[in-house]
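Asker: I have a structure here, written as structure tokens, and I will follow up with some questions on it.
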Amino acid sequence: MGKLRSLALNPPSRWHFQWRDAVILLLVILTCASYWTSIPAFAPKIGSDDLFTNANSALQQDDGAEHGTNVTIAPEGTKDGNIMDSLINAVDVMQSNYFQVWAGLWPTAIDWTSAVIATHIAAAMSTVSSSTNYAIQPGPGDYALLQKPESLINRFMSHLIGFYFGQDALTLRSEAYDDMLWVVLGWLESIKFVDSHSTELLYAQGLPSWYGEEWVPGFAHRARIFWDLASGGWDASACGGGMVWSPYLQPYKNAITNELFITASIAMYLHFPGDDNTSPFRAREASGPSRVPIGKKDPKFLDAAIVAYEWLASSNMRNSKGLFIDGFHISHNRHEHAGGRHKECNIRNEMVYTYNQGVVLSGQRGLWEATGSREYLEDGHTLISSVINATGFNLASQTVHTSASPTNSSLPRLGTWHGLGRHGILEEACDAHGTCSQDAQTFKGIFFHHFAQFCQPLPARGT
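Given below as structure tokens:
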């Protein structure tokens, strides 16, 4: 996460609705909505409970009101279609109250969490697009109804374009390698959204193009620039390989940077459309991006993902519960003459975070798509089972462990901590105390984003 700029909330303020809460709500809803197939209510028919005709829908608001709109909540106790309504309202809360259109950013976010929010917005719009029946033939009075989801998508697509210019890309180039890789994943997610939405819309309606396609080259170039820069973090001089977290600090090989490199690399292989833009460097530098145009399905991305995954799998970076720990430091040894350091990762940081269990999931799915090797999917299922068990939910018996905490616990009334939660509820260790930083407040949303991607229906076979 690069620079230590996390802002810890004071305990009383943790109960106020913050933009981080909106991110978590958005991702929980998105996870549910990701399993949704085409929603019949999107096709106009008399008497339907169409979410786009709901008077409380965010779509009924003035599209120009970008700040301080009246937030509405989907009614409770109605049919499951309101999952999509809740998703739309969650996105509207995020963008109306926390995104500044004129600046192209979320002012209270830091660089890496901004990239994550943009990823979530693109993924949410992919869900709205894939759940809309664009193939319907509008009758009298129905054309406007068909255009409402498209208006929503266009609005938030314009926000992603604004963020392309608002993102502090220059500063990010000198931050830690994990910060750079969040940027890669964010713009690849936007490319996936544009590609899928263009296919859905243009094929069904016979339109020549959608304006979002014009931005794919820019998104692709930024993803390529930051992947090239981040790949400089691969270090074969210690621990047999692996990515280091930061080029500016003592070597630290951590789970998140390596998982990000795996997932970003395989995503570049599967979704990067190519790039013939040689800027901003006139000539190739050892640590800078290549001038040579790169096409689709470049094997260097697949090779990087496979090698990085093999390293992570053999790195002993898991604990007895099957969860990824935070990472390894390398101890100093003054009696060694080769740089004065050990070459082994021998000091474990045993801290466990939810996002360390999530980012690799979409990488595992992508590796299966690229290679057809079932091992990657099996590894993912094993990790998910470990996460569920670490919340106190017993998969074998389908029961929740409800015993009280030890008497010496600082939170004895909450129940026993199982590694990532209690009573079957996923938690960060800082949640119950109300001491989570902006970083940690973002973690569970990241987990559910990659969990949802892992659980998307698989194609017939690997690609």
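Under my numbering, the first residue of the sequence shown carries the number 4, and numbering increases by one thereafter.
For each residue, glycine too, the CB sits at the ideal point set by N, CA and C.
Fair warning: this is a prediction, and the values are worked out from it, not measured in the lab.
Residues in the same chain with beta-carbon distance under 7 Å from W190, minus the five sequence neighbours each way, listed in chain order, please.
Answerer: Only F222, R225 and A226 meet the Cβ criterion.
Asker: Could you give the first and the last residue of the continuous alpha helix (DSSP H) run that contains H436?
Answerer: Counting along the chain, H436 falls outside any alpha helix (DSSP H), and DSSP gives it neither H nor E.
Asker: In its own chain, which residues sit with a C-beta less than 8 Å from the C-beta of F457, not counting the 5 before and 5 after it?
Answerer: Excluding sequence neighbours, F457 sits near L364, S365, Q367, R368, G383 and I387.
Asker: What is the residue span of the alpha helix (DSSP H) that K303 lies within?
Answerer: P302 to A316 is the span of the alpha helix (DSSP H), which, as asked, contains K303.
Asker: Nearest-angstrom Cα distance between Y376 and L370?
Answerer: Position check: residue 376 holds Ser in this sequence, whereas Tyr was assumed. Their Cα atoms are separated by approximately 8 Å.
Asker: Can I333 and R351 be called in contact, C-beta distance under 8 Å?
Answerer: Not in contact: I333 and R351 (Cβ atoms no closer than 8 Å).
Asker: Kindly list the residues whose CB is nearer than 8 Å to the CB of N250, restricted to its own chain and excluding five residues on each side of it in sequence; keep chain order.
Answerer: Here residue 250 is Pro; the residue named in the question, Asn, does not match the sequence. Answer for P250: A179, Y180, G235 and G236, listed in chain order.
Asker: Which residues does DSSP list as the beta-bridge partners of V403?
Answerer: Paired residue(s): F396.
Asker: To the nearest angstrom, report how far apart M160 and E378 are at their CA atoms.
Answerer: When rounded, the distance between both Cα atoms is 36 Å.
Asker: When we look at the beta-carbon of H70 and count the other beta-carbons within 10 Å, is it buried (16 or more) or exposed?
Answerer: In this prediction, H70 scores a pLDDT of 35, lower than 50, which makes its location untrustworthy; the coordinate-derived value is nonetheless stated afterwards. The residue in question, H70, is exposed, as its Cβ has fewer than 16 Cβ neighbours within 10 Å.
Asker: With DSSP as the reference, label Q103 as helix, strand or coil.
Answerer: The answer is strand: DSSP assigns Q103 an E or B state.
Asker: Taking the alpha carbon of A241 as the reference point, which residue from E347, Y255, L155 and L163 has its own alpha carbon closest?
Answerer: Ranking the options by Cα distance to A241, first place goes to E347.
Asker: What are the boundary residues of the alpha helix (DSSP H) that includes H421?
Answerer: Run containing H421: none; DSSP gives neither H nor E here.
Asker: Which of helix, strand or coil does DSSP assign to N92?
Answerer: The answer is helix: DSSP assigns N92 an H, G or I state.
Asker: Checking 8 Å against the spacing of the C-beta atoms, do F264 and A233 come in under that value?
Answerer: Closer than 8 Å, so yes.
Asker: I'd like to know if the stretch 263 to 281 and the stretch 295 to 303 are in contact, where contact means that at least 3 CB-CB pairs between them fall below 8 Å.
Answerer: Yes: at least three Cβ pairs fall under 8 Å.
Asker: For the alpha helix (DSSP H) containing R368, list its first residue and its last residue.
Answerer: First-last of the alpha helix (DSSP H) with R368: V362 to T374.
Asker: Roughly how many whole angstroms lie between the Cα atoms of K151 and A435?
Answerer: So the alpha carbons of these two residues sit roughly 41 Å apart.
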